[in-house]
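Enquirer: To start, I am sharing the structure in question, which I have written as structure tokens.
In this note's numbering, the protein residues as written are 7 to 1224.
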């Protein structure tokens, strides 16, 4: 022990006493360790960067002990002393200091009262670091030495099994993390970055954040970075770059002041502003960071701070400190001198070389501390110091309670008490657990079953004042009470926000999805990052951040905002809408006309009646738009008790070779287990060596009793003298000559050497290193002065140098060497538990995983060798949710891991063509989703085709009408000299037949795929053809009226206006007007083919858009005007005397014509797609047939069936009676 310790200097402060308390404090912020090349004796680490606050904390402990010594009611007749050491924020230094405190092994120094040596301490106050406390308390806990920390917050320290004698006066990080999360939740910050220190304090905090913040669904971490302890510019540059790129505006830092200083230097260098910093208690009150240079970045910081307290008399005590009261400048009592030199920027004599020459001042020890500006005397914000104060008093009250114990009534064995002369640290632990006192500031101090104090934190805010100064102000608190649980109180009006808006920042990865949308998680990103996808029609979401949209009931439909289901609109042809009013008016008008016609026909009932075709829009089937529809492990013994089978177990190297589990009872459950095993090796001669072991080669002392214990365990016997009653109970006595070879024991089974092979290699590595060192030639060695190590003065650090260079090969063929981290080549065997038919088990190698310098990590598995403990004898399927096939999307189940999701079919018109798609993509406008929703297929194109039944019927009707026109024309040409044909200008009749033929033929332009020329020609041909027909009818009507007027006295002059030339000219002029209208329409806004995707989602309607609705209306209006004029004139001439008055036929034909086209308008407007063309074609054919039959039917009847009436006399009414 003495050789290993060597010379190890510790900075500290000491005072003698009856009972000594130890303390570990941060007197310095940084330390420098020498380069460990192991070519020379390692030098002592040096500490620098004096920490005034750490020194004040140590002085607070000295003050508390001084106050207790002056208190006659607490520990009367007992003087407390202290030994306080500097840990330099390094575990190695702090650990050595703790061992020196409890063992008294530190180098001797002279105390205040002439006695020599350091009495071991009864308890330790410290350490401030969680990592240091974990390491130190794990060792001190073995000896039950109480340790009361004032600043170690790691939640892991609440584990009473690992740290039975650890106490603390600061709350655990578990509570601090929950307090942080409450603040984040309060301000709606769900997207934050987390920076932690590379120690237990930071790493345990990160683990708590992952479980309490992320996995609970309260928020997500945009990034998690570990801050390096040393000033690593490259790593800090990378971390700050991550912060700069991130969209998170809140940064949480669990780190120490030194790490924050390094980090902020890089933050300033990269000018990263606009962040809201959240500080842990480790640096919330760090004044070293509250500088004018850093406040533009750190202003407005919110942090958790230890509850503040007041310590009466502390400032006066601090002012009494004088370096001249210290004995000397040795390592034991030099801290006051270092403080003095740091504060007054001077040096005590003898000063360092060149100090005076450089203008440096010499310290006298009489400098006035009160008039110097130093935070050392600022006791307005005592936080860690208050915890130190409470920790010292807790130890003092526990010691006082123990010393007041009455003999025979104590809590220890035999009702004994502890005494000052034979005081044991574990006795003090008992009383510490029951400590309960109130400080002068009014705070109650006690410890729970885990050694933790009552959790309470202040919430602090860094206020940046207009004059550039900074102020740390309290804006709230978070605490836990027995009745109300955890409570958060924040006064938002007090908070200073370092943003232009002077309001809390918004820090979310994605804004909340409003009702009417659903969350679609972005693949590969945290669950807080998502897109808001609007619900499909017919589906709604009525909550914020819904994960899926729900379908509306059958009689309901989604509102325009898609946030509630509303009753579907009921649609029917109503009397209150314009179309219903028009049709009602038309119906009533038709009824009235029918009554008029009935009266006319009744009056003229001897006139022949000719029937005609009439259509109604209600006879057309109208299709409706289709509706859119949318859609755990336990231990082996628990498995047996609950009969849990069908699991594939994966074992770590710690349990893969555990024969205790490879039993017939467990193999039905554990058979087929796969695991990682240390590489197996062979050691020649090991079995023979094991067989030579004999207990008679050793004695029975504690140093060499293991072979005897092994012998007794193996042969179930006891060496003499046996335990009482052993022989009487039939137990055998060991002779030491039992036959080990014939005994069934796994001790001799060397077929599966794994840890043993590593032990073998480790011993040989040390041996080769030692051999290499002893072969060193003097004067050519690697150490200082080219010296070598020798067996007489061997130093362990010299062996380290050679161990780093070891390189040898074992007899089994494995090469052994160490990399720069001291690690060997990583290689593992993959093992499988084979369950043989006879019930035996076998551990067989089925592969290996290793890392090589060239190929990286390699996995090799021979699947044919693996035994699968399932009926299928194949690998099991182990997924939370099966993969979503193409045509579906993943919808994560809320509150469950990301691997658990539902597969929702894509909506119509959307597809997913990959497995496990997170969202469905919409098809392009001209495409639609396939039935399987896995690809976009071209939409079906729909138009009035020649190949469908409707098109065939209309084409047939058109050709039939054309054929009838041709037949009638032939009849009229053949009988052109007869009176019927010649009556009323046969030329107009021929023109009318020709125009009707064009009317029939123009309907063919509406059938077939729309093209530019057909779209332009169809309405022009239709308009001109019908105007030509109606013009002929109009002229014929006017001629009839003029002829009969001419037969009256004085009316002959009217005929000169209705000669053949005038008739032709009138027809041409009237037709030219329509031609002009069509030309203007085509030139200004020509009809064109159009792909209409609005009628149907899954179809494209090819149609001709009219281009100009006004042009189309003028075209129809002009036709209607001529037809109305023809009807009115014919109606006026209906009663003119003549047995064959053509005016009656014209009146009837115009009545049909007008009825058809009046019905056409609403039918055309309400018909979708190709049915609009069909309605127009039907109207053309109906009106054309109406004109053809009405005008030429009776004439053809006379010509063909009643030729006797085809005479001039008959026509004039003087020949034949009907």
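A virtual CB, placed ideally from N, CA and C, is assigned to each residue, including glycine.
Which value, in whole angstroms, describes the spacing of the CA atoms of residue 476 and residue 386?
Expert: Whole-angstrom Cα-Cα distance: 15 angstroms.
Enquirer: With a 10 Å radius around its C-beta and 16 neighbouring C-beta atoms as the bar for buried, classify residue 905 as buried or exposed.
Expert: Per the 10 Å Cβ criterion, exposed.
Enquirer: Can you tell me the Cα-Cα spacing of residue 1045 and residue 1093, whole angstroms?
Expert: If you take the alpha carbons of residue 1045 and residue 1093, they lie about 37 angstroms apart.
Enquirer: Taking only the alpha-carbon atoms, compute the straight-line gap between residue 227 and residue 460 and give it to the nearest angstrom.
Expert: If you take the alpha carbons of residue 227 and residue 460, they lie about 29 angstroms apart.
Enquirer: State the beta-bridge partners of residue 25 as determined by DSSP.
Expert: 86, per the DSSP bridge assignment.
Enquirer: Return the residue from the list 1016, 1129, 982 that minimises the CA-CA distance to residue 951.
Expert: Per the Cα distances, 1016.
Enquirer: Please classify residue 904: does DSSP put it in a helix, a strand, or coil?
Expert: Correct three-state label for residue 904: coil.
Enquirer: Can you tell me which of 1116, 1095, 993, 1122 puts its alpha carbon nearest to the alpha carbon of residue 1109?
Expert: When each option's Cα is compared against that of residue 1109, the closest is 1095.
Enquirer: Quick test of the definition: if touching needs 3 or more C-beta pairs under 8 angstroms, does the stretch 163–172 touch the stretch 142–150?
Expert: Taking 8 angstroms as the limit for Cβ pairs, the verdict is that the stretch 142–150 does touch the stretch 163–172.
Enquirer: What are the boundary residues of the beta strand (DSSP E) that includes residue 201?
Expert: Looking at the DSSP string, the run of the beta strand (DSSP E) that includes residue 201 is 197–203.
Enquirer: Between residue 107 and residue 127, is the Cβ-Cβ spacing less than 9 angstroms?
Expert: In this structure, residue 127 lies closer than 9 angstroms to residue 107 by Cβ.
Enquirer: Go ahead and pull the three-state DSSP assignment for residue 834.
Expert: In the structure shown, residue 834 sits in a strand (DSSP, three-state: E or B).
Enquirer: Looking at the ligand GTP, does it come within less than 8 angstroms of residue 577, judged from the CB to the closest heavy atom?
Expert: For the structure depicted, the ligand GTP is absent and the ligand set is empty, with no information on it obtainable.
Enquirer: Please tell me whether residue 1087 and residue 1117 are closer than 9 angstroms, where the distance is taken between their beta carbons.
Expert: Yes, these two residues count as a Cβ contact at 9 angstroms.
Enquirer: If contact is defined by three or more beta carbon pairs under 8 angstroms, each pair taking one atom from either stretch, is the stretch 538–553 in contact with the stretch 241–249?
Expert: With the cut-off at 8 angstroms, the stretch 241–249 and the stretch 538–553 do not touch.
Enquirer: Going along the chain, which residues of its own chain have a beta-carbon closer than 7 angstroms to the beta-carbon of residue 849, five neighbours each way excluded?
Expert: Cβ within range, chain order: 663, 758, 837, 839.
Enquirer: Opposite residue 881 in the DSSP bridges: which residues?
Expert: BP columns for residue 881 are empty, so no partner.
Enquirer: Along the alpha helix (DSSP H) that carries residue 1005, what are the first and last residues, could you check?
Expert: Run containing residue 1005: 992–1008, per the alpha helix (DSSP H) assignment.
Enquirer: Measure the alpha-carbon distance for residue 384 versus residue 212 and round it to whole angstroms.
Expert: When rounded, the distance between both Cα atoms is 33 angstroms.
Enquirer: Would you mind reading off the limits of the beta strand (DSSP E) that contains residue 495?
Expert: It spans 491–496 - the beta strand (DSSP E) in which residue 495 sits, taken as one unbroken run.
Enquirer: How would you write the range of the alpha helix (DSSP H) that residue 144 sits in, first residue to last?
Expert: Looking at the DSSP string, the run of the alpha helix (DSSP H) that includes residue 144 is 136–146.
Enquirer: Does the stretch 181–201 come close enough to the stretch 510–517 that 3 or more CB-CB pairs lie under 8 angstroms?
Expert: The stretch 510–517, when compared against the stretch 181–201, does touch it at the 8 angstroms Cβ threshold.
Enquirer: Please classify residue 939 as buried or exposed, where buried requires at least 16 neighbouring CB atoms within 10 angstroms.
Expert: Flag for residue 939 reads buried.
Enquirer: Locate the alpha helix (DSSP H) running through residue 4, then write down its first and last residues.
Expert: Nothing in the structure corresponds to residue 4, since the chain is present only between 7 and 1224.
Enquirer: What did DSSP end up calling residue 1098 once you bin it into helix, strand or coil?
Expert: DSSP places residue 1098 in strand when its eight states are reduced to three.
Enquirer: Please go through the stretch 151–231 and give each complete alpha helix (DSSP H) segment of 4 or more residues, from N-terminal end onward.
Expert: The stretch 151–231 contains these whole alpha helix (DSSP H) runs: 179–192, 206–215.
Enquirer: Answer with buried or exposed for residue 458, where buried requires no fewer than 16 other C-beta atoms within 10 angstroms of its C-beta.
Expert: Residue 458 should be labelled buried.
Enquirer: Assuming residue 896 contacts residue 909 (C-beta within less than 8 angstroms), just tell me the rounded distance between them.
Expert: At roughly 7 angstroms, the Cβ-Cβ gap stays under 8 angstroms, so residue 896 and residue 909 are in contact.
Enquirer: If you measure between the beta carbons of residue 1188 and residue 1169, is that distance less than 9 angstroms?
Expert: It is not a contact, given that the beta carbons lie outside the stated cut-off.
Enquirer: Excluding the 5 residues flanking residue 588 on each side, which residues of the same chain have their C-beta closer than 8 angstroms to its C-beta?
Expert: Only 1167, 1168 meet the Cβ criterion.
Enquirer: Suppose the cutoff is 7 angstroms on Cβ atoms and the five residues either side in sequence are ignored; what does the same chain contact list for residue 474 look like?
Expert: Excluding positions up to five away in sequence, the list reads 298.
Enquirer: What does residue 723 pair with, by DSSP beta-bridge criteria?
Expert: Per DSSP, 738.
Enquirer: Identify, in the order they occur along the chain, each residue of the same chain with its Cβ nearer than 7 angstroms to the Cβ of residue 1001, setting aside the five sequence neighbours on each side.
Expert: Excluding sequence neighbours, residue 1001 sits near 1031, 1034, 1035, 1038.
Enquirer: Using a Cβ-Cβ cut-off of 6 angstroms (strictly less than) and excluding sequence neighbours within five positions of residue 70, which residues of its own chain qualify?
Expert: Counting only Cβ-Cβ distances below 6 angstroms, and skipping sequence neighbours, we find 395, 398.
Enquirer: Threshold first: 4 residues or longer. Then list the alpha helix (DSSP H) segments lying entirely within the stretch 1068–1093, N to C.
Expert: As far as the stretch 1068–1093 is concerned, it has no whole alpha helix (DSSP H) run of at least 4 residues.
Enquirer: Tell me where the beta strand (DSSP E) around residue 464 begins and ends.
Expert: Unbroken beta strand (DSSP E) run through residue 464: 462–470.
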